[in-house]
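Enquirer: Protein chains in written order, with the numbering used here: chain G, 1 to 320; chain C, 321 to 924.
(1) Return the first residue and the last residue of the beta strand (DSSP E) that residue 295 of chain G is part of.
(2) Could you spell out where the beta strand (DSSP E) holding residue 764 of chain C opens and where it closes?
(3) Ignoring anything shorter than 3 residues, give me the beta strand (DSSP E) runs that lie fully in the segment 568 to 644 of chain C, in order along the chain.
(4) Around the C-beta of residue 149 of chain G, are 16 or more other C-beta atoms found within 10 angstroms, so that it is buried, or is it exposed?
(5) Evaluate the contact criterion for the segment 237 to 256 of chain G versus the segment 276 to 287 of chain G: three or more CB pairs, one atom per stretch, below 8 Å.
(6) So what's residue 846 of chain C in DSSP terms, helix, strand or just coil?
(7) Name the chain G residues that come within less than 9 Å of residue 565 of chain C, Cβ to Cβ?
(8) So the alpha helix (DSSP H) residue 149 of chain G belongs to, where does it begin and stop?
(9) Helix, strand or coil for residue 407 of chain C, going by three-state DSSP, please let me know.
(10) Go ahead and pull the three-state DSSP assignment for residue 270 of chain G.
(11) Are the beta-carbon atoms belonging to residue 797 of chain C and residue 574 of chain C less than 8 Å from one another?
(12) Just the C-alpha distance for residue 597 of chain C and residue 533 of chain C, rounded to the nearest angstrom, thanks.
(13) Can you give me the C-alpha to C-alpha distance between residue 629 of chain C and residue 736 of chain C, rounded to a whole angstrom?
(14) Roughly how many whole angstroms lie between the Cα atoms of residue 446 of chain C and residue 252 of chain G?
(15) Mind checking residue 20 of chain G: buried by the 16 CB within 10 Å criterion, or exposed?
(16) On a CA-only basis, which of C:759, C:642 and C:805 is nearest residue 719 of chain C? Give me that one, please.
(17) Which residues of the segment 286 to 298 of chain G have a Cβ closer than 7 Å to any Cβ of chain C? Give them in chain order.
(18) Whole-angstrom Cβ separation of residue 571 of chain C and residue 168 of chain G, contact assumed at under 8 Å?
(19) Do residue 480 of chain C and residue 449 of chain C have their C-beta atoms closer together than 8 Å?
(20) In terms of residues, what are the limits of the alpha helix (DSSP H) holding residue 538 of chain C?
(21) Quick one: which chain G residues come within Cβ less than 7 Å of residue 555 of chain C?
(22) Which residues of chain C have a Cβ atom closer than 9 Å to the Cβ of residue 275 of chain G, listed in chain order?
(23) Comparing C-alpha positions only, which one of G:222, G:307 and G:134 sits nearest to residue 908 of chain C?
(24) DSSP puts residue 709 of chain C in a beta bridge; with which residues?
(25) Just the Cα atoms here: how many angstroms apart are residue 308 of chain G and residue 105 of chain G?
(26) Taking buried to mean at least 16 other C-beta atoms within 10 Å of its own C-beta, is residue 486 of chain C buried or exposed?
(27) Under 9 Å, CB to CB, which of the residues in the segment 743 to 755 of chain C have a partner in chain G?
(28) Could you say which of C:464, C:524 and C:569 lies nearest to residue 161 of chain G if we only look at CA atoms?
(29) Give every residue of the same chain whose Cβ lies closer than 6 Å to the Cβ of residue 623 of chain C, excluding the five residues on either side of it in the sequence, and list them in chain order.
(30) Can you tell which of C:804, C:881, C:661 and C:401 has the C-alpha that lies nearest to the C-alpha of residue 389 of chain C?
(31) Start and end of the alpha helix (DSSP H) containing residue 232 of chain G?
(32) Tell me which residues share the same chain as residue 891 of chain C and place their Cβ nearer than 8 Å to its Cβ, disregarding the 5 neighbours each side in the sequence.
(33) In its own chain, which residues sit with a C-beta less than 6 Å from the C-beta of residue 311 of chain G, not counting the 5 before and 5 after it?
(34) Under a Cβ-count criterion, where at least 16 other Cβ atoms within 10 Å of its own Cβ denotes burial, should residue 590 of chain C be classed as buried or exposed?
(35) Taking 8 Å as the CB-CB limit, is residue 558 of chain C close to chain G?
(36) Compile a chain-ordered list of the residues in the segment 506 to 520 of chain C whose CB is closer than 8 Å to at least one CB of chain G.
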């Protein structure tokens with residue numbers, strides 16, 4: 001009973017939150033100085049008719065509040081407006097870029113989680129030992145690096161000096177078709193960059209939560225009962241220590257579609273990150289608003305799911 | 321030891337992947353051009369382009385320009401102008417064909433002018449001598465009835481109502497479009513479909529992979545004969561460093577827009593050739609000419625003495641050298657040195673170079689005279705300078721240049737705050753804001769081609785709605801005599817008279833420091849020596865740089881080595897230091913992992 005009410009409540013909150021965020025998106029985008037007309041209407045000799053016709057064709061002649069009403073109506077009805085630059089529905093432009101971003105982010109996230117948990121476990125086995133310090137410093141070292149810089153270092157080394165891996169894109173520069181081997185070769189560098197940069201989020205969390213759990217009374221009890229160290233660690237400690245990591249995974253899932261703007265830029269990966277980057281500079285409002293809306297929904301939704309999974313994993317959490 | 325086995329497998333796998341890549345290496349001859357901004361489909365929409373680089377490849381004009389700035393035939397083999405300057409006749413080459421095999425006729429030319437006049441918000445104004453206002457078109461204009469005649473399939477005749485000095489190059493220098501393809505297509509709401517694109521250049525757009533590349537395929541019907549390569553690919557890098565890595569690793573074969581400071585490093589690679597083109601871009605500091613700023617405070621740069629003092633405080637030559645690594649021409653007047661009218665230079669040789677000799681003491685005296693004495697701390701005034709990040713004036717070199725100017729001005733007691741904005745914000749503040757604006761100076765630039773009218777009109781006249789929102793004369797320099805001269809220049813067809821008019825305008829702009837000239841831009845290009853035949857420096861109206869990528873140049877480009885070696889060039893010079901470093905890193909990583917694995921196994 002309590003659970004159903006909780007979900008219903010959370011759903012209502014989530015929808016309200018999405019609405020608030022969508023409104024904020026609209027305000028923020030329009031607060032940025034220099035609208036699309038600064039870029040579209042670049043010719044000072046343009047006739048007033050031409051100027052008016054262009055503004056009208058994109059609905060930019062309407063007052064802002066009317067544009068806002070149209071925008072909210074569009075979000076609900078699925079009409080996200082026409083991109084000023086691509087002249088097609090911004091939904092179509094965004095949808096076209098989603099596969100490339102997923103093809104980068106899903107493998108990267110999986111690798112980050114697995115490697116992070118593994119390193120966290122290794123580090124927590126003997127806290128403050130040399131191994132722990134080394135692994136934690138390793139995580140911090142890359143965490144502190146800007147993704148674009150690390151990306152360039154890897155590019156220079158593996159593409160330029162060694163010539164082992166391609167320098168950019170998702171498929172070979174002369175190819176126009178997707179091929180698995182080709183894609184995998186292109187995936188290695190950006191995936192490594194994203195993994196190294198995000199690794200610390202998981203490894204340090206895993207480490208600290210394991211260390212905390214291993215100090216709990218029930219672990220002492222388990223040891224006291226004469227269980228083997230392996231059993232204590234994997235069955236009693238690890239399972240409980242995974243909880244915060246699950247939260248972190250949930251939060252990161254929300255970020256999958258937001259892509260990695262800097263990493264995509266360095267490696268010219270044709271995904272959503274690049275589209276976001278370009279559209280902001282072009283003030284292509286329908287695309288920017290569409291992207292922001294999608295990102296907001298993803299993040300709010302993944303938080304929602306995380307909350308529920310969290311409850312399922314931890315029986316102490318009640319819903320009232 | 322498991323770990324090292326894994327690592328070995330990993331490295332082997334990479335090698336196998338690399339080998340398989342080479343085995344599958346494409347047989348077709350492909351030139352990959354690495355560019356740093358995405359060619360949007362809108363730029364292949366001939367009515368909606370913000371730049372013309374990509375459509376200009378696809379659509380030759382009636383006339384072209386050679387590397388010396390001389391007019392040469394393109395689609396038109398010959399042309400005549402009537403003695404009264406009112407009738408222009410162009411005769412097309414024989415046997416011209418579109419990429420789909422249809423003939424290119426005078427009807428296509430007439431269609432292009434009407435179509436773009438009515439639909440293209442960007443370019444319609446260049447043909448004012450044959451246009452009339454009309455309702456129901458996107459632009460509010462159409463072609464005056466009877467202004468264009470097509471007596472036969474090869475001849476097109478334009479009838480002007482009054483002589484125009486610019487009509488010939490604006491009409492001759494524009495892409496001719498296929499009527500059978502574009503008729504009925506509303507280019508203001510629709511982009512053409514690349515898979516069915518019909519054009520006439522050596523390579524025509526065929527496929528667009530958004531965010532990644534645009535593929536052009538060879539056009540066997542090109543009038544200059546079938547081109548030598550199978551494809552030209554415009555590959556997108558978002559950053560010039562990434563593009564340079566692309567070139568050095570063999571992925572890209574040609575990159576334009578190389579920062580001058582990187583040219584030296586690239587030229588060390590024996591497989592890479594560096595070239596330059598003197599384009600027609602003029603970069604300068606523009607002043608706000610309103611006596612008060614937006615906030616009501618006094619604007620010192622509205623005073624000629626202050627502008628002169630600023631010009632004299634700057635040791636331009638050494639500042640340019642320090643920031644542009646030698647790839648520039650020091651500027652001294654509003655007309656670029658390679659600007660001609662009918663083959664005659666419009667440069668005003670009486671303007672000194674450097675325009676204002678470096679003289680900090682003289683600058684201080686002028687500032688004293690202007691009523692800006694130094695306070696106890698040596699400060700006379702605080703000024704604001706706005707610049708855009710990105711674009712041709714927003715590179716790292718420009719930022720360095722502004723910092724050097726900042727410290728030069730500090731030396732005479734002028735504190736200059738530099739504000740760097742993204743290009744849309746900068747455009748808003750600098751150009752579109754209503755006067756009086758809230759800045760004293762702005763870093764600004766203009767691409768001048770193809771006619772001296774462009775710089776007179778946009779830089780120093782108020783004719784383009786200037787002095788306010790929208791115009792290019794962003795600071796509002798307002799001199800009625802210059803306006804009169806500019807209009808006169810547009811309507812004078814006599815060679816010597818017209819040249820004299822522009823020299824006069826340049827002289828006035830110099831005397832009044834209408835702008836502070838910085839430099840004329842030099843483009844640095846880099847390409848792999850496997851590809852030969854680029855013609856550098858081809859001029860073109862509205863296609864202000866990358867002459868080497870113009871269709872006349874691309875049509876000559878050949879591949880002088882086998883394509884299969886393309887990927888192997890990715891390791892051009894073996895860098896033993898870095899290989900040793902990698903080996904060391906690998907040994908350390910393997911060692912550490914082995915150590916941990918060992919510890920774990922001891923425990924269990």
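Even for Gly, the Cβ is constructed at its ideal location relative to N, Cα and C. Bear in mind that the values here come from a model prediction, so they are computed numbers and not experimental data.
Expert: A quick look at the data gives this:
(1) Looking at the DSSP string, residue 295 of chain G is not in any beta strand (DSSP E); the run it does join, the alpha helix (DSSP H), is 285 to 313.
(2) 761 to 767
(3) 592 to 607
(4) exposed
(5) no
(6) strand
(7) 152, 155, 156, 159, 160, 167 and 168
(8) 147 to 154
(9) strand
(10) coil
(11) no
(12) 25 Å
(13) 14 Å
(14) 53 Å
(15) exposed
(16) C:642
(17) none
(18) 7 Å
(19) yes
(20) Premise fails: residue 538 of chain C lies in the beta strand (DSSP E), 533 to 538, not in any alpha helix (DSSP H).
(21) 173
(22) 530 and 531
(23) G:134
(24) C:742
(25) 23 Å
(26) buried
(27) 743, 744, 745, 746, 747, 748, 749, 751 and 752
(28) C:569
(29) 690
(30) C:661
(31) Element bounds for residue 232 of chain G: n/a, residue is neither H nor E.
(32) Summary for residue 891 of chain C: the model assigns pLDDT 39, below 50, so the residue's position carries little reliability; its value from the coordinates is reported in the next sentence. So the list is empty, once near-sequence residues are dropped.
(33) 317
(34) exposed
(35) yes
(36) 508, 509, 510 and 511
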